[in-house]
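Visitor: Below you will find the structure I want to go over with you.
Protein chains in written order, with my numbering: chain D, 142 to 520; chain W, 3 to 81.
Set out below in structure tokens:
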């Protein structure tokens, strides 16, 4: 009987883990000792950081979309059929199409999604760039914007924690290029008591805000939007008028997680070192799906994938490994249209941002293309 | 902590991003009214910042405790 590995989710985490496993276990797969099945809800794979550039008309949608099948090692069996129930007692995944996928090892990589509907009025009153239609709609709104107050607001939880700063600095450069800075007020809000979760990044960003005339308000958690009067209200009791509202909507995990009783909000209880689902030794979790208090970002998913693939391959081949996740995250941060910085940190080492440079911006643009190698498990 | 029944503990020690206060905000939004939530943080600042935020949004601070190398902040979602 072959060992059956089932991966639920075809985003960055699921795809990288699958490809690494297929490479590490190629011999066993070719000899019928291991089967890898991937279950995903759509045939395309989207490079989500590209949405930011679509909002500014710098990238076309086809540049950030590939067919999932084309990214996968041919040893992986792909099923485009959404998972609707994960039964960890019987070790089986049920799909919308009525199929059952029994497993010996399960990798949960169902990711996160925006839920603008969680904030009354947000869907009607705000723009966002966290999905393709939203980024395209924002692009059109920016083209037609004639001036006024642009409010940037951030929901909790959210993925890609540097994106709120990136869009703010890119908006500044966009309006500067259009010669509109005298007609536009940029107003940035953030949920906690500094302008970014990472203190060194916040300390760097504040002087930049002051130099560029970007206003900001901290301890601002959106509660409600009045799309008619164009007013944003916070849980903290403040109100903001806006002419253009750009929101990072709050996120939830996948519905299948909640429907399977695997975690409130769609987040799965995960050991922060082993990446095992707590209480289930044959279930691993990668990427946004974990409840680990760490950045929900593609790089997190990438580094977690390395660990999960190594652990499962070693368990099958050698009975186990000591490989654990150290909390590594690496993020490029666009600081405008032509400069960027980056941060890296882990559980033990806090980040130290480097001064922004054109070179780092080009590296970020380069990585936007190199991502397809990361997804294939090459880079 | 025998006298306080905690419904959810979030171990945010060493969590640089999104950090303990954002984790508390997330839990306050996600958990049911009446839930008691504990955040563990290795940042001393959380022992001041979290109570300040709770007061601002009208939620209840139950207890702040220093435990050697980290702090425990316990809050109750009351609305």
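Using N, Cα and C, we set each Cβ at its ideal position, and we do this for glycine too. Quick caveat: nothing in here was measured; it's all calculated off a predicted structure.
Does the pairing of the segment 460 to 477 of chain D with the segment 298 to 308 of chain D give three or more beta-carbon distances under 8 Å?
Guide: Enough Cβ pairs lie closer than 8 Å, so yes.
Visitor: Using a Cβ-Cβ cutoff of less than 7 Å, which residues in the same chain neighbour residue 250 of chain D once the five nearest sequence positions on both sides are dropped?
Guide: Stepping through the first chain from its first residue, residue 250 of chain D is reached at position 109. Only 148, 149, 150, 152, 154, 155, 158, 427, 428, 430 meet the Cβ criterion.
Visitor: Is residue 146 of chain D helix, strand or coil by DSSP?
Guide: Within the first chain, numbered from 1, the residue matching residue 146 of chain D stands at position 5. Correct three-state label for residue 146 of chain D: strand.
Visitor: Using the Cβ count rule (16 or more neighbours within 10 Å means buried), how would you classify residue 22 of chain W?
Guide: Numbered from its first residue, the second chain carries residue 22 of chain W at position 20. With 16 or more Cβ atoms within 10 Å of its Cβ, residue 22 of chain W is classed as buried.
Visitor: Is there a Cβ of chain C sitting closer than 8 Å to that of residue 81 of chain W, yes or no?
Guide: Note that chain C does not occur in the displayed structure, where the protein chains are D and W.
Visitor: Under 6 Å Cβ to Cβ from residue 224 of chain D, same chain only, skipping five residues before and after it: list those, please.
Guide: In the first chain, the residue the question calls residue 224 of chain D occupies position 83. 149, 180, 234, 236, 397, listed in sequence order.
Visitor: Along chain W, which residues have their Cβ under 8 Å away from the Cβ of residue 486 of chain D?
Guide: The residue labelled residue 486 of chain D in the question sits at position 345 within the first chain. In chain order: 18, 19.
Visitor: Can you list, in chain order, the residues of its chain whose CB lies under 8 Å from that of residue 183 of chain D, leaving out five sequence neighbours each side?
Guide: Position 42 of the first chain, counting from 1, holds the residue named residue 183 of chain D. Only 151, 209, 221 meet the Cβ criterion.
Visitor: Which residues in chain D have a C-beta closer than 8 Å to the C-beta of residue 51 of chain W? List them in chain order.
Guide: As a first step, residue 51 of chain W must be located in the second chain, where it is residue number 49. In chain order: 333, 334.
Visitor: Indicate the three-state DSSP secondary structure (helix, strand or coil) for residue 275 of chain D in the structure shown.
Guide: As a first step, residue 275 of chain D is located in the first chain; it is residue number 134 there, counting from the start. Note: residue 275 of chain D maps to helix in three-state DSSP.
Visitor: Which same chain residues, not among the five before or five after residue 488 of chain D, have their C-beta less than 7 Å away from its C-beta?
Guide: For the purposes of this step, residue 488 of chain D is taken as the residue at position 347 of the first chain. Taken in chain order, the residues that qualify are 467, 468.
Visitor: Please identify the residue among W/27, W/72, W/17 whose C-alpha is closest to the C-alpha of residue 360 of chain D.
Guide: Residue mapping note: residue 360 of chain D aligns to position 219 of the first chain, counting from 1. The residue with the shortest Cα to Cα distance from residue 360 of chain D is W/27.
Visitor: Taking Cβ positions only, does residue 25 of chain W come closer than 8 Å to chain D?
Guide: Here residue 25 of chain W is taken as the residue at index 23 of the second chain, counted from 1. Yes, residue 25 of chain W lies at the interface with chain D (some Cβ there is under 8 Å from its Cβ).
Visitor: Assuming residue 409 of chain D and residue 422 of chain D make a contact with CB atoms under 8 Å, what is their CB distance in whole Å?
Guide: The residue you call residue 409 of chain D lines up with position 268 of the first chain. The residue you call residue 422 of chain D lines up with position 281 of the first chain. About 14 Å separates the two Cβ atoms, so there is no contact after all.
Visitor: Do residue 295 of chain D and residue 389 of chain D have their C-beta atoms within less than 8 Å of each other?
Guide: Numbered from its first residue, the first chain carries residue 295 of chain D at position 154. Numbered from its first residue, the first chain carries residue 389 of chain D at position 248. Their beta carbons are under 8 Å apart, which means residue 295 of chain D touches residue 389 of chain D by this criterion.
Visitor: Using the beta-carbon count (16 or more within 10 Å), is residue 363 of chain D buried or exposed?
Guide: Within the first chain, numbered from 1, the residue matching residue 363 of chain D stands at position 222. By the neighbour-count rule (16 or more Cβ atoms within 10 Å), residue 363 of chain D is buried.
Visitor: According to the neighbour-count rule (16 or more other Cβ atoms, all chains shown, within 10 Å of its Cβ), is residue 217 of chain D buried or exposed?
Guide: Translated into positions along the first chain, residue 217 of chain D becomes position 76. Buried, because 16 or more other Cβ atoms sit within 10 Å of the Cβ of residue 217 of chain D.
Visitor: For the segment 377 to 444 of chain D, which segments carrying the alpha helix (DSSP H) assignment without a break, of at least 4 residues, lie completely within its bounds, in sequence order?
Guide: Annotation note: the segment 377 to 444 of chain D contains the following uninterrupted alpha helix (DSSP H) runs of length 4 or greater, listed N- to C-terminal: 396 to 400.
Visitor: Quick check on residue 65 of chain W - is its C-beta less than 8 Å from some C-beta in chain D?
Guide: Residue numbering aside, residue 65 of chain W sits at position 63 when the second chain is read from its first letter. So no, residue 65 of chain W is outside the interface.
Visitor: Residue 356 of chain D by DSSP, collapsed to three states: which one?
Guide: The count along the first chain starts at 1 and reaches residue 356 of chain D at position 215. In the three-state reduction of the DSSP assignment, residue 356 of chain D falls in the strand class, which pools E and B.
Visitor: The beta strand (DSSP E) with residue 331 of chain D in it runs from where to where?
Guide: As a working note, residue 331 of chain D is residue 190 in the first chain. From DSSP, the beta strand (DSSP E) with residue 331 of chain D extends over 325 to 331.
Visitor: Do we get a CB-CB distance below 8 Å when we pair residue 78 of chain W with the residues of chain D?
Guide: Here the question's residue 78 of chain W lines up with position 76 in the second chain. No, no contact with chain D.
Visitor: Using the three-state DSSP reduction, which class does residue 44 of chain W fall into: helix, strand or coil?
Guide: Here residue 44 of chain W refers to the residue found at position 42 when the second chain is read from its first residue. Residue 44 of chain W falls in the coil class under three-state DSSP.
Visitor: Between residue 58 of chain W and chain D, is the shortest Cβ-Cβ distance under 8 Å, so that the two count as touching?
Guide: Start at 1 with the first residue of the second chain, and residue 58 of chain W comes out as number 56. With 8 Å as the cut-off, residue 58 of chain W counts as an interface residue toward chain D.
Visitor: So is residue 160 of chain D buried or exposed if we call it buried at 16+ other beta carbons inside 10 Å?
Guide: For the purposes of this step, residue 160 of chain D is taken as residue 19 along the first chain, with counting starting at 1. A residue is called buried once 16 or more other Cβ atoms fall within 10 Å of its Cβ, and residue 160 of chain D is buried on that count.
Visitor: What residues of chain W sit near residue 376 of chain D, judged by a beta carbon separation below 7 Å?
Guide: Within the first chain, numbered from 1, the residue matching residue 376 of chain D stands at position 235. Correct list: 59.
Visitor: Just verifying my parser: in three-state terms, what is the DSSP assignment at residue 452 of chain D?
Guide: Translated into the one-based positions of the first chain, residue 452 of chain D becomes position 311. Reduced to three states, the DSSP call for residue 452 of chain D is helix.
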